[in-house]
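Line by line, the protein sequences give chains Z and Y. The end of the first sequence is residue 306 by the working numbering, with every number in the run present. The end of the second sequence is residue 335 by the working numbering, with every number in the run present.
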Amino acid sequence: MTHYQAVAQNKRRSSLIIVLFIAFISGASYIMAEGMGYSLSIVGWALVVSGLISFFSYWYSDKIILGISGAREAKRDEFFDFYTVAENIAMSQRMPKPRLYVIKDTAMNAFATGRDPEHAVVCATTGLLKRLNRSEIEGVVAHELSHVKNYDIRLMSIVTILVGLVALLSDWFLRMTRWGGGRKKSNDGDSQIQMILFVVGLVLAILSPLIAQLIQLAISRRREFLADISGVAMTKNPEGLIKALEKISQDKEPLEAANKATAHLYISNPLKNTHGGVGMFAKMFRTHPPLKERVSALKQL
Amino acid sequence: MYIPFIIVAAVIIIYVISIYNDLQKLKTQIVASIQEIGNQLKRQASLIPNLQATVKGYLKHESSIFKMLTDARKAAEKAEQTGSSKDIDDAITQIQQAVPKLTIAVEDNPEMKADKSVAKFMNELTDTADKLMYARRSVIDLSQTYNQKLVIFPSNMIANMFGFKPEKGLATALTGSHVEVSTAETKDVKVEF
Numbered sequence: 006m007t008h009y010q011a012v013a014q015n016k017r018r019s020s021l022i023i024v025l026f027i028a029f030i031s032g033a034s035y036i037m038a039e040g041m042g043y044s045l046s047i048v049g050w051a052l053v054v055s056g057l058i059s060f061f062s063y064w065y066s067d068k069i070i071l072g073i074s075g076a077r078e079a080k081r082d083e084f085f086d087f088y089t090v091a092e093n094i095a096m097s098q099r100m101p102k103p104r105l106y107v108i109k110d111t112a113m114n115a116f117a118t119g120r121d122p123e124h125a126v127v128c129a130t131t132g133l134l135k136r137l138n139r140s141e142i143e144g145v146v147a148h149e150l151s152h153v154k155n156y157d158i159r160l161m162s163i164v165t166i167l168v169g170l171v172a173l174l175s176d177w178f179l180r181m182t183r184w185g186g187g188r189k190k191s192n193d194g195d196s197q198i199q200m201i202l203f204v205v206g207l208v209l210a211i212l213s214p215l216i217a218q219l220i221q222l223a224i225s226r227r228r229e230f231l232a233d234i235s236g237v238a239m240t241k242n243p244e245g246l247i248k249a250l251e252k253i254s255q256d257k258e259p260l261e262a263a264n265k266a267t268a269h270l271y272i273s274n275p276l277k278n279t280h281g282g283v284g285m286f287a288k289m290f291r292t293h294p295p296l297k298e299r300v301s302a303l304k305q306l
Numbered sequence: 143m144y145i146p147f148i149i150v151a152a153v154i155i156i157y158v159i160s161i162y163n164d165l166q167k168l169k170t171q172i173v174a175s176i177q178e179i180g181n182q183l184k185r186q187a188s189l190i191p192n193l194q195a196t197v198k199g200y201l202k203h204e205s206s207i208f209k210m211l212t213d214a215r216k217a218a219e220k221a222e223q224t225g226s227s228k229d230i231d232d233a234i235t236q237i238q239q240a241v242p243k244l245t246i247a248v249e250d251n252p253e254m255k256a257d258k259s260v261a262k263f264m265n266e267l268t269d270t271a272d273k274l275m276y277a278r279r280s281v282i283d284l285s286q287t288y289n290q291k292l293v294i295f296p297s298n299m300i301a302n303m304f305g306f307k308p309e310k311g312l313a314t315a316l317t318g319s320h321v322e323v324s325t326a327e328t329k330d331v332k333v334e335f
């Protein structure tokens, strides 16, 4: 896949996710309204609200995600290597220098976010910046900047916020059904349909976080390999990224600032202790390919 | 009847315009990245005297490092004035040789290592060397893209039509020891214990 194909695909998928999100919210609210006997005007409201949410998540994704992660801006004097390395790679790629942020945490990790290269943010933990040397930081920053260049950041940020929201909504829905809805008590035929729709709604509510999670994973795993390769094409120094990934893989500390919704943004999975499973199931739910596979892919270059 | 011909002609004209603009854009980008090299050389030349002043007290016995730094500054100044690619190459090589030597000297000297301003200048110098390297790579990459369009079909027809000339990029000799592999180098390395 070339850079242009990756960009086109990411833009297409970003729009698709927004459309799916709006369709899902409207569909779910329709089922909810039918199944629980609320008025159908709720669907209209759901459309408006989900449209607004999509717009805000597209426009303010970087701010929302930085806010969730508790990041602050990186100053040139304080994080000299991080700052100048980002400046250099951005210069050589003829793209604007991204805004740089740090998370104060001893775990080693980094991510990029924003809606396009002009509004991009690269964020690293202080633990990563302290324990990696300049050429290793260069490898990590180049990896993040190729996420920026390929428009992975737009797709991933939209997915973070919208998919996170679906999980949240279905959670609410589950709680509402427990209390029991249905103000409209009519004849038997109607209540049968109501019952079916109620069950469908329930299944959807249980499944939706799962579906959402799967979308999220399918999107991010291949991208990590691609970003590794194109990052190395920027620095022409595979050793830097290999050493960085090896150091990161030895770091067993989970990142407190990350959660399930933001996990796929990071260069390596920040939720180490929660993903201990084995076999197909564990593989399906991983946000990142194992670091070992990534290192061996890089060593073949 | 004529409509298909008009469509084909329009497509061709749009293609010609887009290739022409691509080539012109690349040419301005190449000029800009060569100017960036000059900019960084200037930064390097002004950084070195400051660094020398800070480390002078510590490096009384290391006159060779001092000389290397002075040479690197002179080379940078010369390259900035002449702008010839050989001088630029020279300046970059000199600074890339001086920085590791200086780093070792700093590591060996605990007093110097603790000095914040020495560390700061060292960082800036390393960064300038990196920036020069990246600026030079931009010139190489851009020239490659540009020159490729000049030789591959069909963009070469358009380039010929408007008389685009190949860009030299950074002049590096295409022959010489750096592109040759001797038979000794192809053999497996034996390590004996």
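From the three backbone atoms N, C-alpha and C, an ideal C-beta is built for every residue, glycine too.
Where Glu-261(Z) falls: helix, strand or coil (DSSP): In this structure, Glu-261(Z) counts as coil in the three-state DSSP scheme.
Check: Phe-84(Z) C-beta below 7 Å from any heavy atom of the ligand ZN: The model depicted lacks the ligand ZN and carries no ligand whatsoever.
Phe-116(Z) - partner residues in DSSP beta bridges: According to the DSSP secondary-structure assignment, Phe-116(Z) is paired through a beta bridge with Cys-128(Z) and Tyr-271(Z).
Under 8 Å from the C-beta of Ser-280(Y): neighbouring residues of chain Z: Near Ser-280(Y) (Cβ distances below 8 Å), the residues of chain Z are Met-96, Ser-97 and Arg-99.
Any C-beta of chain Y under 8 Å from that of Arg-139(Z): Arg-139(Z) counts as touching chain Y.
Members of the segment 188-221 of chain Y that neighbour chain Z once the beta carbon cut-off is set at 7 Å: Those would be none; no residue qualifies.
Same chain only: Cβ atoms within 6 Å of Leu-150(Z), ignoring 5 sequence neighbours per side: Answer for Leu-150(Z): Ile-94, listed in chain order.
CB contact flag (Arg-279(Y), Ser-235(Z), <8 Å): The criterion of a C-beta distance shorter than 8 Å is not satisfied by Arg-279(Y) and Ser-235(Z).
Sequence-distant residues of the same chain with beta carbon closer than 7 Å to Ile-73(Z), five excluded per side: Excluding sequence neighbours, Ile-73(Z) sits near Thr-267.
Residues near Asn-15(Z) by beta carbon distance below 7 Å, same chain, minus five either side: Here the set comprises Asn-155, Tyr-156, Asp-157, Arg-159 and Leu-160.
Leu-45(Z) - containing beta strand (DSSP E), residue span: Careful: Leu-45(Z) lies outside any beta strand (DSSP E) and carries neither H nor E.
Among Pro-275(Z), Leu-105(Z) and Glu-251(Z), nearest to Glu-123(Z) - alpha-carbon criterion: Residue Leu-105(Z) holds the alpha-carbon nearest to the alpha-carbon of Glu-123(Z) among Pro-275(Z), Leu-105(Z) and Glu-251(Z).
Three-state secondary structure (DSSP) of Glu-251(Z): If DSSP states are grouped into helix, strand and coil, Glu-251(Z) belongs with the helices.
Pick from Leu-296(Z), Leu-57(Z) and Val-168(Z) that is closest to Arg-227(Z), judged by C-alpha positions: With distances taken between Cα atoms, Arg-227(Z) lies closest to Leu-296(Z).
Assigned secondary structure, Leu-105(Z) (DSSP; H/G/I helix, E/B strand, else coil): In the three-state DSSP reduction, Leu-105(Z) falls in the strand class (E or B).
Contact between the segment 259-270 of chain Y and the segment 167-176 of chain Y (3+ Cβ pairs under 8 Å): Taking 8 Å as the limit for Cβ pairs, the verdict is that the segment 167-176 of chain Y does not touch the segment 259-270 of chain Y.
Closer than 8 Å to chain Y by CB, Thr-111(Z): Interface flag for Thr-111(Z) against chain Y is unset, since no Cβ pair is found closer than 8 Å.
Same chain, Cβ closer than 8 Å to Val-90(Z), five either side skipped, listed in chain order: The answer, listed in chain order, is Arg-139, Ile-142, Glu-143 and Val-146.
Chain Z residues whose Cβ lies nearer than 8 Å to that of Thr-268(Y): Correct list: Arg-139.
Short CB-CB distance (under 8 Å) between Tyr-288(Y) and chain Z: No, because no Cβ of chain Z sits closer than 8 Å to the Cβ of Tyr-288(Y).
Boundaries (first-last residue) of the alpha helix (DSSP H) holding Tyr-88(Z): Start and end: 85-97.
Cβ distance (whole Å) where Val-107(Z) is taken to contact Phe-85(Z) below 8 Å: In fact, because the Cβ distance is near 13 Å, the residues do not count as touching under 8 Å.
Chain Y contact residues for Asn-93(Z), given Cβ-Cβ distances below 8 Å: Those within 8 Å of Asn-93(Z) in chain Y are Asp-269, Asp-272, Lys-273 and Tyr-276.
7 Å CB neighbourhood of Lys-190(Z) in its chain, flanking five on each side removed: Caution is warranted here: a pLDDT of 48 is assigned to Lys-190(Z), below 50, making its placement in the model unreliable, and no coordinate value can be reported.
Neighbour-count burial assignment, Gln-255(Z), 16 or more Cβ in a 10 Å radius: Around the Cβ of Gln-255(Z), a 10 Å sphere holds fewer than 16 other Cβ atoms; the residue is exposed.
Per-residue DSSP class, three states only, for Glu-78(Z): Shown here, Glu-78(Z) sits in a strand according to DSSP, grouped into three states.
Inter-stretch contact at 8 Å, needing at least 3 Cβ pairs: the segment 150-168 of chain Y / the segment 246-257 of chain Y: No, because fewer than three Cβ pairs between the segment 150-168 of chain Y and the segment 246-257 of chain Y fall closer than 8 Å, the two stretches do not touch.
Cutoff 7 Å; reference Tyr-88(Z); Cβ partners in own chain excluding five residues on either side: Cβ neighbours of Tyr-88(Z) beyond the five flanking positions: Ala-79, Arg-81 and Leu-105.
Selection of the segment 60-88 of chain Z by Cβ proximity to chain Y, strictly under 7 Å: Listed by position along the chain: Phe-85.
Whole-number beta carbon distance between Ala-247(Y) and Glu-204(Y), since they are thought to touch under 8 Å: The C-beta distance from Glu-204(Y) to Ala-247(Y) rounds to 6 Å, short enough to fall under 8 Å.
Simplified DSSP assignment, three categories, for Ser-226(Y): Reduced to three states, the DSSP call for Ser-226(Y) is coil.
Candidates Leu-274(Y), Leu-284(Y) and Pro-296(Y): closest to Glu-92(Z) by CA position: With distances taken between Cα atoms, Glu-92(Z) lies closest to Leu-274(Y).
Proximity to Ile-58(Z) [Cα-Cα], best of Asp-67(Z), Ser-34(Z) and Ile-27(Z): Checked all of Asp-67(Z), Ser-34(Z) and Ile-27(Z); the closest Cα to Ile-58(Z) is Ile-27(Z).
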